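Below: the structure, in structure tokens.
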Amino acid sequence: MIKPFSLQPLVHLAQQKNDAATKKLGQLNQQHQTAQEKLDALQQYRRDYQVKFQEEAKNGMAPADMKNFQDFIGRLDQAIQQQTAVIEKTRAGVQNGRSELMDATRKMKSFDTLAQRHADAEKKLEAKSEQRIQDEHTGRFTAYRTAEKNGDQ
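Okay, here's the thing in structure tokens:
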């Protein structure tokens, strides 16, 4: 009979950690993508607003309107800088998540390898046991047949 693998709880735990790391990396990637989309939108909005400002400036504009445009573009630049910092944080989070996933996957594969070696060793023991039983049965049968032949003579 095959003995259960004594480290099976650790195999299960490693699989759970790998699944959790995979899920976490997916979430981190989603956060990074969302932050990048927000940055792209801010940059596009700034470009559009800059074009609008240049068009209005060509046609002549009041100093107060010019100041308002410049102030708003300045606030957009601040928002872009802040969002760029968010992008860097999410990028670092994704990198950490990848490292965690690689580590969890490596550990899971190590435990899977140990579990497979255990299963292979148990199968070999089982095969040897079955062969020994078969050999004993064949030996008894041969001894019985030999005794039968010797008894008939």
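Each residue of the sequence shown is one higher than the one before, counting from 9 in the numbering used here.
We put the beta carbon where it would ideally sit given N, CA and C, even for glycine.
Computed from a predicted structure; not experimentally measured.
Taking one beta carbon from each stretch, the stretch 96-111 and the stretch 26-38 have 3 or more pairs nearer than 8 Å; the two touch. Of Ala-127, Glu-156, Gln-142 and Asp-120, the smallest CA-CA separation from His-20 is found for Asp-120.
Counting only runs of 4+ residues, no alpha helix (DSSP H) is found wholly inside the stretch 44-116. Rounded to the nearest whole angstrom, the C-alpha separation of Gln-91 and Leu-36 is 16 Å. In this structure, the beta-carbon distance from Arg-55 to Ile-81 does not fall below 8 Å. Shown here for Gly-105: same chain residues with a beta carbon closer than 6 Å to its own, the five before and five after excluded, namely Lys-32, Leu-33 and Leu-36 in chain order.
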